[in-house]
Structures are given as C-alpha cells and as structure tokens.
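Under the numbering used here, think of the first position of the sequence shown as 65, with each following residue one higher. Down below is the structure, laid out as structure tokens.
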Amino acid sequence: MKNGIFLSLIIGLCFTSGCSNAQSMSSKKILIVYLSRTNNTKAIAEIIQRNVGGTLVSLELEKPYPEDYRQTVQQVVQENETNYLPPLKTKIDSIENYDVVFVGFPTWDMKMPPPMKSFLHQYNLSGKTVIPFNTNAGYGVGSGFETVKELCSKSTVLEGFSIKGGIERDGVLFVMEGEKEKEAEAEVKKWLQKINLLK
Ligand SMILES: Cc1cc2nc3c(=O)[nH]c(=O)nc-3n(C[C@H](O)[C@H](O)[C@H](O)COP(=O)(O)O)c2cc1C
C-alpha cells in the first residue's frame, strides 16, 4: 500500500515536471522588445503579443538614423566596423521582473542592427528565456541569431523566427497587411507552437 502511494507520487511528479512550456509559460512575465524602421518587425511583434500576451517595447535611439536609406546603410556599415553601440533613448523599467524576452529586429547589413546590440549589452538577460525574431528583404537573418546567442550566453535562447518583410532599397516599405499579414500570423503561430509557447 505504502509502495503504491510512493509510486503514484513519483508518477505525479514526473507529469508535473514534464508539463509543456505552454502551461508553465502562462505564469511567466513576457517582454517583447523590437527595433523597426518601416514597421514590418513591429507588425510581427504585435502578432506575437496577440498570441502570447506581454509588454511591447520599441527601441528608439537618442539620435535617430537619417531618413535616407543609403545614408543609413553607410552609417550602419561604419558602426559595425567600429563596433559602435548607439545610445538608446528607450529605458526599460525593472527588466529583472521578466522571465521571457522576445527580441525582434530587421536584418541590416546581413547582421543584427547596432541598436539591438546596444540593448543586449545594456540589459542583463542572464537566466531568462530569450526568443529572437526577424524580418528581412529576402536575404535571411544573416548572423543576427548567432549574435543573440553570443550576447546572451547566460540565457536560454530558443529557436528564432524569420520572415521576408519590406525591401526599402527598392522603395518597398511596409508589407505586413492584408493577405501577407494573415500568412505571417499563421507562420508565427506555427513557430510559437513548435517552441511550446502556444497551447
Ligand atoms: C540600413 C538597412 C540595411 C538593410 N540590410 C539588409 C540586408 O543586409 N539584408 C536584407 O535581407 N535586408 C536588409 N534590409 C531590409 C530590411 O531588413 C527589411 O526591409 C525589413 O523588413 C525592415 O524591417 P522594419 O520594417 O521592421 O524596419 C536593410 C534595411 C535597412 C534600413
């Protein structure tokens, strides 16, 4: 009889510890930090928020990039060469209270944009779950997700999500509306399910 109770306890414990992220995630505090110039990454951040909740924060710089695309590309290339971290205007209160931090950014120069590097240097995400997402002009995320892993070496970094957004070089700015937004939402949900964040 005693053995029976002991066995039930062990089985119960196994089930509890094996419970899906989706169940345990419901009690977690979620932060969604994103950088977006033409609002495509912002749209993905909003889709994520609609599906898992959490606080949305847009990264803004003390000194914004030029409006002109080519000038911005030149500045970004230089910043990457010198490893410059542009100062953020955005301040995040009590980041220590969050358990899960989504970090979203467009591909710039086939890399993580400097402002997101500033954020990951400035805020301590060790011990947290970090989940990257990205939009790009069709050339992919480049080294962006690798940089997340490097800069968050003491966090649990989950599989990232990447999708084609605008092509500012060709004058294609915001695309996440109508059918494209629906497709994006379906893909985001598939990914959230895969990483066990959706029930
Ligand atoms: C400075 C700059 C550099 C970019 N470099 C790349 C690149 O190397 N590869 C790529 O696929 N897209 C590149 N893009 C395009 C953006 O990644 C794409 O348009 C993205 O969807 C923009 O996201 P946003 O609307 O959230 O700003 C670049 C855009 C900018 C402004």
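Idealized CB from N, CA, C, for every residue including glycine.
Here P178 carries a helix assignment [DSSP, helix/strand/coil]. As for any alpha helix (DSSP H) of minimum length 4 sitting wholly inside the segment 165-224, the runs are 178-186, 208-215, ordered along the chain. It is roughly 31 Å from the alpha-carbon of A107 to the alpha-carbon of T146. Per DSSP, reduced to three states, the secondary structure at L256 is helical.
Under the DSSP assignment, Y133 falls in the alpha helix (DSSP H) whose first and last residues are 133-146.
Within the same chain, P151, K153 come within 6 Å of E126 by CB-CB distance, once the 5 residues on both sides are set aside. Residue V164 holds the alpha-carbon nearest to the alpha-carbon of V221 among K181, V164, V97, K175. Ligand 1 has a heavy atom closer than 7 Å to the beta-carbon of K106. Looking at the backbone, the Cα of E160 and that of W255 are separated by about 26 Å.
Around the CB of M240, 16 or more other CB atoms lie within 10 Å, so the residue is classed as buried. Residue L184 holds the alpha-carbon nearest to the alpha-carbon of F169 among Q257, S91, G235, L184.
Take E223, set aside five residues on each side of it, and the residues of its chain with a beta-carbon closer than 6 Å to its own are I259, in chain order. Rounded to whole angstroms, the separation of the alpha carbons of S91 and Q142 is 42 Å.
DSSP, read as helix, strand or coil, puts I156 in coil.
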